[in-house]
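Asks: Okay, here's the structure, questions in a sec.
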Amino acid sequence: MKQDLHIRMDKIQPTKTFYKIFTLVSAGMFLDAIDVYLASGVSSYLLKDGWSTLSLNSTFLSVGFFGLFLGSVFAGLIGDLFGRKRAYQLNLLIFGSFTLLGSFAPNMPFLIVCRLISSIGLGTEIVTGYAMINEFSPIKSRGKWCALTSFVANCGAPITMLLCTLIIPHFSWRAMFVISGVLALILWYFRRSLPESPRWYIAHDKYQDAQKVIAGIEDEMKAENARPAAAVSAESAAHNSADSDKHFIRNLFVATFAVSATIVCQYTFTSWVPTLLVKQGINVVSSLGFTTVMLMGAPFGAFIGALAVDHIGRKPTIVSAFVLAAILGILYGHQTQPIMVMFLGFLLTSCFYILMASVVGVYVSELFSTKYRFRGAGIANGISKLITVGMPFVVSSLIAISNPSMIFILISLFAIIAGAVVFFFGPETNNKILE
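Using our numbering, you'd call the opening residue of the sequence shown number 1199 and step up by one each time.
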């Protein structure tokens, strides 16, 4: 029965249930992106209004990343041991409740505590979201759907900056917390009806439960006249699962290094490039036009990643983006003309978000079998968040003792090493059966 269920699951095509899962998961990932940029936007207003200090702001931002780390790890344990459904329901309830509670914070320490707990809930989202899409998507277009989820999520960057500009001056920073918290709770309500992953049911020998979900999807396919995919042998599925488990440590190393390089390079660039270029005498970086042009590379890059991962494969997309990011990073650090600063900044941001779509959105979840998928992805994402917490101190120390261009060299070095790790040690997962 187990083999039959695997084969039937591998033959499914997109149906009403899948589109519902894609919509609600993408909406959750969109909230994740909004919250990351919201923290940065809100913190500046907290400081300007005298409600916070530089020290408290640093703590506010740091506990957010630490909460994301804890959430990523907890997501792995809950999702693999107790089910995907519990993980993606619990995370939004925690995030929405404590974000909303933070809007009523009487002081900064209270807001910091709310931020920590809400970030734990949000840290679960990036692990559960991509893994859910991964486990319900058709094999041939799995990369496209995961990367499209990343595209939707990364549209949150420019939208959040716009909302902060329009709302905070008129309604205060609290309004942004209310909007984010209420949207999360509304989304939690609608996600209650999403089904559990049949692949998780199968991995935990809950065959009757898996049968019910798969039968429901097959009935929808018949009603919608969707043709099943070609049959996949059970032996092939079993081989790929055994291979993933056999190389778990290797795959965890690849996943951790690739995710860490992607997130650290992206965060360091977008957070510090204005400061670095001002030190080089380029005042344009403080303008709204520069910020807008740079952030438009986020959805553009994620869209390119969505097109590339299925057509040319995971490894070629990822390695090429890392190498190109390394080259652009070196070039960017030596620019003095505003037009080239914006142009190369757009291209570099695009590369980082090609990597966000292909590495974080697709590749990491595919490196692990169903049994270990949430734990593997959770550990990899969690470690990347821990490294991100420490990067501001590394960057500030380098700025104090060296030329600002050294930061771009550091980014390029990290990118090229990550590309080499994926090239030499990472398996190609395009069109592979995941069990």
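Backbone N, C-alpha and C fix where the C-beta goes; we use that ideal spot for every residue, glycine too.
1. Compare the C-alpha of F1455 against each of T1322, L1522, I1502, Y1561 and name the closest.
2. Please tell me whether F1375 and S1256 are closer than 8 Å, where the distance is taken between their beta carbons.
3. Apart from the five residues on each side of it in sequence, which residues of its chain come closer than 6 Å, Cβ to Cβ, to T1468?
4. So, helix, strand or coil for N1601, using DSSP?
5. By alpha-carbon positions, which one of I1609, I1219, I1357 ends up nearest to Y1235?
6. Given a threshold of 16 other Cβ atoms within 10 Å of its Cβ, counted over all protein chains shown, does T1586 qualify as buried or as exposed?
7. Please report the distance separating the alpha-carbon of Y1530 from that of A1453.
8. Can you tell me where the alpha helix (DSSP H) with S1556 in it begins and where it stops?
9. So is T1322 buried or exposed if we call it buried at 16+ other beta carbons inside 10 Å?
10. Answer yes if the segment 1259 to 1267 comes into contact with the segment 1507 to 1525, meaning at least three C-beta pairs across the two stretches below 8 Å, and no otherwise.
11. Just to confirm, is the Cβ distance from G1527 to I1609 under 8 Å?
12. Kindly give me the distance between the Cβ atoms of A1523 and L1505, rounded to whole angstroms, as I take these residues to be in contact under 8 Å.
13. Mapping DSSP to helix, strand and coil, what is L1493?
14. Indicate whether the contact test is met: 3 or more Cβ pairs, each with one atom in the segment 1558 to 1577 and one in the segment 1277 to 1289, closer than 8 Å.
15. Using the rule of at least 16 other Cβ atoms within 10 Å of the residue's Cβ for burial, across every protein chain shown, is R1390 buried or exposed?
16. Can you tell which of F1623, C1463, A1578 has its C-alpha closest to the C-alpha of V1592?
17. Closest to A1649 by CA distance: which of T1297, S1270, A1345, F1566 is it?
18. Reducing DSSP to helix, strand and coil, say where T1221 ends up.
19. Among R1397, T1363, G1511, which one has its Cα closest to the Cα of Q1409?
20. Is G1576 near S1348, with beta carbons less than 8 Å apart?
21. Using a threshold of 8 Å, state whether the C-beta atoms of S1335 and D1508 are closer than that.
22. According to the Cβ coordinates, are M1227 and A1351 closer than 8 Å?
23. Any idea if P1497 is buried or exposed, counting beta-carbon neighbours within 10 angstroms, 16 or more meaning buried?
24. Would you decide whether A1225 is buried or exposed? Buried here means 16 or more other CB atoms lie within 10 Å of its CB.
25. Which word fits L1364, buried or exposed, when buried means at least 16 other C-beta atoms lie within 10 angstroms of its C-beta?
26. Is it buried or exposed for K1513, if we count other Cβ within 10 angstroms and need 16 for buried?
27. Taking buried to mean at least 16 other C-beta atoms within 10 Å of its own C-beta, is S1378 buried or exposed?
28. Mind checking whether S1582 and V1457 have CB atoms under 8 Å apart?
29. Helix, strand or coil for M1540 per DSSP?
30. Just to check my reading of the structure: R1282 and M1330 have Cβ atoms closer than 8 Å, yes? What is that Cβ distance to the nearest angstrom?
31. Given a threshold of 16 other Cβ atoms within 10 Å of its Cβ, counted over all protein chains shown, does M1538 qualify as buried or as exposed?
Replies: Judging by the given coordinates:
1. The residue labelled residue 1455 in the question sits at position 257 within the sequence shown. The shortest C-alpha separation from F1455 is found at Y1561.
2. Within the sequence shown, numbered from 1, the residue matching residue 1375 stands at position 177. Within the sequence shown, numbered from 1, the residue matching residue 1256 stands at position 58. Cβ distance not < 8 Å, so F1375 and S1256 don't count as in contact.
3. In the sequence shown, counting from the first residue as 1, residue 1468 sits at position 270. For T1468, where only same-chain residues beyond five positions count, there are no Cβ hits under 6 Å.
4. If you number the sequence shown from 1, residue 1601 lands on position 403. Residue state, collapsed to three classes: coil.
5. By one-based count along the sequence shown, residue 1235 stands at place 37. Checked all of I1609, I1219, I1357; the closest Cα to Y1235 is I1357.
6. Translated into positions along the sequence shown, residue 1586 becomes position 388. T1586 should be labelled buried.
7. As a first step, residue 1530 is located in the sequence shown; it is residue number 332 there, counting from the start. As a first step, residue 1453 is located in the sequence shown; it is residue number 255 there, counting from the start. Distance between the alpha carbons of Y1530 and A1453: 27 Å.
8. Taking the first residue of the sequence shown as position 1, residue 1556 is located at position 358. Segment: none, S1556 is in no alpha helix (DSSP H) and carries neither H nor E.
9. The count along the sequence shown starts at 1 and reaches residue 1322 at position 124. Buried, since its Cβ has 16 or more Cβ neighbours within 10 Å.
10. Not touching, per the Cβ criterion.
11. Position 329 of the sequence shown, counting from 1, holds the residue named residue 1527. Position 411 of the sequence shown, counting from 1, holds the residue named residue 1609. Yes, Cβ-Cβ distance for G1527 and I1609 is below 8 Å.
12. Taking the sequence shown and counting its residues from 1, the one referred to as residue 1523 is at position 325. Taking the sequence shown and counting its residues from 1, the one referred to as residue 1505 is at position 307. A Cβ-Cβ distance of about 18 Å is found for the pair A1523 and L1505, leaving them out of contact under the 8 Å criterion.
13. For the purposes of this step, residue 1493 is identified with residue 295 of the sequence shown, where counting begins at 1. L1493 falls in the helix class under three-state DSSP.
14. The segment 1558 to 1577 vs the segment 1277 to 1289: in contact.
15. Here residue 1390 is taken as the residue at index 192 of the sequence shown, counted from 1. Around the beta carbon of R1390, fewer than 16 other beta carbons lie within 10 angstroms, which makes this residue exposed.
16. Position 394 of the sequence shown, counting from 1, holds the residue named residue 1592. With distances taken between CA atoms, V1592 lies nearest to C1463 out of F1623, C1463, A1578.
17. The question about residue 1649 has no answer, for the chain in this structure spans 1199 to 1633.
18. In the sequence shown, the residue the question calls residue 1221 occupies position 23. Note: T1221 maps to helix in three-state DSSP.
19. Translated into the one-based positions of the sequence shown, residue 1409 becomes position 211. Nearest to Q1409 by alpha-carbon distance, out of R1397, T1363, G1511, is R1397.
20. For the purposes of this step, residue 1576 is taken as the residue at position 378 of the sequence shown. For the purposes of this step, residue 1348 is taken as the residue at position 150 of the sequence shown. Here G1576 is not near S1348, since their CB atoms are 8 Å or more apart.
21. Here the question's residue 1335 lines up with position 137 in the sequence shown. Here the question's residue 1508 lines up with position 310 in the sequence shown. Result no, Cβ atoms of S1335 and D1508 do not sit closer than 8 Å.
22. In the sequence shown, counting from the first residue as 1, residue 1227 sits at position 29. In the sequence shown, counting from the first residue as 1, residue 1351 sits at position 153. When the beta-carbon positions are compared, M1227 and A1351 come within less than 8 Å of each other.
23. For the purposes of this step, residue 1497 is taken as the residue at position 299 of the sequence shown. The residue in question, P1497, is buried, as its Cβ has 16 or more Cβ neighbours within 10 Å.
24. Position 27 of the sequence shown holds residue 1225. Classification for A1225: buried.
25. Stepping through the sequence shown from its first residue, residue 1364 is reached at position 166. Counting Cβ neighbours within 10 Å, L1364 comes out exposed, since fewer than 16 surround it.
26. Numbered from its first residue, the sequence shown carries residue 1513 at position 315. When all chains shown are included, K1513 counts as buried.
27. Taking the first residue of the sequence shown as position 1, residue 1378 is located at position 180. By the Cβ-count criterion, S1378 is buried, with 16 or more other Cβ atoms from all chains shown falling within 10 Å of its own Cβ.
28. For this step, residue 1582 is matched to residue 384 along the sequence shown. For this step, residue 1457 is matched to residue 259 along the sequence shown. Contact: yes.
29. Within the sequence shown, numbered from 1, the residue matching residue 1540 stands at position 342. Secondary structure of M1540 (DSSP, three-state): helix.
30. In the sequence shown, the residue the question calls residue 1282 occupies position 84. In the sequence shown, the residue the question calls residue 1330 occupies position 132. The Cβ separation is near 6 Å, so the contact holds.
31. For this step, residue 1538 is matched to residue 340 along the sequence shown. Classification for M1538: exposed.
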